[in-house]
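Accompanying notes for the structure given below.
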C-alpha cells in the first residue's frame, strides 16, 4: 500500500499537520479529490487492520 502512487505524498502531508480534506488538497499538488479520498480510505483501513 505504501508503494502506491500518491501514498507517500499523503503521508508527508499528514506529517506536516494536515487533518482535513482541504488541507491535504492544498499540500498535495496535482492529486484529484477522488484519488485523495481513495488513498486516505486505504490508509485508514490499513491502520485499523483492514476492517
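In the working numbering, the protein residues as written are 166 to 216.
In this text, a Cβ means the ideal position worked out from N, Cα and C, and glycines have one as well.
Counted within 10 angstroms of its Cβ, other Cβ atoms place residue i as buried (16 or more) or exposed
{"i": "residue 204", "result": "buried"}
{"i": "residue 178", "result": "buried"}
Where residue i sits in the DSSP three-state scheme
{"i": "residue 230", "result": "Residue 230 is absent from the model: the chain starts at 166 and stops at 216."}
{"i": "residue 173", "result": "helix"}
{"i": "residue 203", "result": "helix"}
{"i": "residue 187", "result": "helix"}
{"i": "residue 211", "result": "helix"}
Assumed close pair residue i, residue j - CB separation to whole angstroms, cut-off 8 angstroms
{"i": "residue 201", "j": "residue 190", "result": "6 angstroms"}
{"i": "residue 174", "j": "residue 193", "result": "5 angstroms"}
{"i": "residue 171", "j": "residue 209", "result": "With a Cβ gap of about 15 angstroms, residue 171 and residue 209 do not count as contacting."}
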